[in-house]
Structures are given as structure tokens and as C-alpha cells.
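Chemist: In my numbering, the protein residues as written are 331 to 488.
Note that the Cβ used here is the ideal one computed from N, Cα and C, for glycine as well.
None of the values given here were measured: they were computed from a predicted structure.
Okay, here's the structure, questions in a sec.
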Amino acid sequence: MHPQEQQTVKLNTRGQYAVMAMVELARAQNTRTLPLSEIADNAGISLSYLEQLIAGLRRHGLVASYRGPGGGYSLSKPAESIIVTEILVAAEDSTPARRSQTRHAKSKTCLKTHTLWEHAGHILSIALSKVTLQDVLNQELKNHPHTRKVFELMAKSA
């Protein structure tokens, strides 16, 4: 991605569940690996759905897997260096049958609203671009300096 480009992210169920799974891994950070079944139970995610999410998170270098006794999954880097938008992007890449990104298959109404959803995705990307997994784990979101600034700017322009 070019430095000037802002990646658009989507907030959907996949992204929400991926963040939940990553929070479970962050809670166990530096202590042990977690089996998928434990992550699924703690986060309230079905095991088969979690397997799809973990595959995307692994492809994006956010989690590591370990085989054998005591094996499981862990974060591949510290929670304070994982940005929430990275997780959301990985979640979008986690399903075998991703939706087509081409516009030609969309209805005329869908094309008219596409710009709205794309704009909302940009706003979400900007707001979450500095929020780390550690911030989520510590519940430091309401007064996070980056997200607070975005809302202050939006309030001034309203």
C-alpha cells in the first residue's frame, strides 16, 4: 500500500470475532499458547468459524501456531504493536469465499450507496489506525488520544 493511501476496513461480524479471538490471545500473552477450543469457548465463537479466522490472522502474521503437547496459538508479536485495523483486514481475508470486489456485479442502488460505505470505512480506518490490541485489552478506548481527536474534529465540523 502506498504511504498516502488509507486502507478501508469493514466492521462486520468477522472483524468483531477476530478482535475477540485476538483479545483472548493477548490475555494469555507471554504465559502460554491457547488451543483453538479454549479461544472459541472464551470468546463465544464456533470452533469451525474460529478456524477460518485464525487462518487469515496467520496469513497476515498476527498469530503463530505451535504443534505438539502444550501447543496452540499465540500472538506473533506484542499486543502493543498490533493495530486493530490489521486485525480487521486479516478478518476480511479469512473466508474461503470472499465476496467479489468488482462493481459490475452490483445493482444500481448498491452502486449509489457504495460510496457511503467506502467513506465510512475510511473514517473507521482513520479512527482505529493508532488503536492497538493492548488498548482494547486495557479498555483504553474512550479517552484514547487518537480516537478522541477524530471525534473532536468531527464535532467541530458538524
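Can you give the Cα-Cα distance for glutamine 431 and leucine 405, rounded to whole angstroms?
Modeler: Residue mapping note: residue 431 aligns to position 101 of the sequence shown, counting from 1. Residue mapping note: residue 405 aligns to position 75 of the sequence shown, counting from 1. Interpretation of glutamine 431 is limited by its pLDDT of 47, a score under 50 that renders its predicted location unreliable; the figure taken from the coordinates is listed afterwards. Cα to Cα, glutamine 431 sits roughly 29 Å from leucine 405.
Chemist: Applying the criterion that 16 or more other CB atoms from any shown protein chain within 10 Å of the CB defines a buried residue, is leucine 471 buried or exposed?
Modeler: Taking the first residue of the sequence shown as position 1, residue 471 is located at position 141. Leucine 471 is exposed by the Cβ-count criterion.
Chemist: Any idea what DSSP makes of isoleucine 413, helix, strand or coil?
Modeler: For this step, residue 413 is matched to residue 83 along the sequence shown. Correct three-state label for isoleucine 413: strand.
Chemist: Have a look at histidine 476 and leucine 446 and give me their C-alpha separation to the nearest angstrom.
Modeler: As a first step, residue 476 is located in the sequence shown; it is residue number 146 there, counting from the start. As a first step, residue 446 is located in the sequence shown; it is residue number 116 there, counting from the start. Using only the alpha carbons, I get a separation of about 23 Å.
Chemist: Can you tell me the Cα-Cα spacing of lysine 442 and arginine 357, whole angstroms?
Modeler: Here residue 442 refers to the residue found at position 112 when the sequence shown is read from its first residue. Here residue 357 refers to the residue found at position 27 when the sequence shown is read from its first residue. Taking the straight line joining both Cα atoms gives about 42 Å.
Chemist: Between the C-alpha atoms of valine 349 and aspartate 371, what's the straight-line distance to the nearest angstrom?
Modeler: In the sequence shown, the residue the question calls residue 349 occupies position 19. In the sequence shown, the residue the question calls residue 371 occupies position 41. Spanning the two alpha carbons is a distance of roughly 15 Å.
Chemist: Locate the alpha helix (DSSP H) running through glycine 398, then write down its first and last residues.
Modeler: The residue labelled residue 398 in the question sits at position 68 within the sequence shown. From DSSP, glycine 398 is part of no alpha helix (DSSP H); its letter is neither H nor E.
Chemist: Count the other CB atoms, across all protein chains shown, that sit within 10 Å of the CB of histidine 332; report buried if there are 16 or more and exposed otherwise.
Modeler: Residue 332 sits at position 2 when you count from the first residue of the sequence shown. Bear in mind that the predicted position of histidine 332 carries a pLDDT of just 39, short of 50, making it unreliable; the figure below should be weighed with that in mind. Result: exposed.
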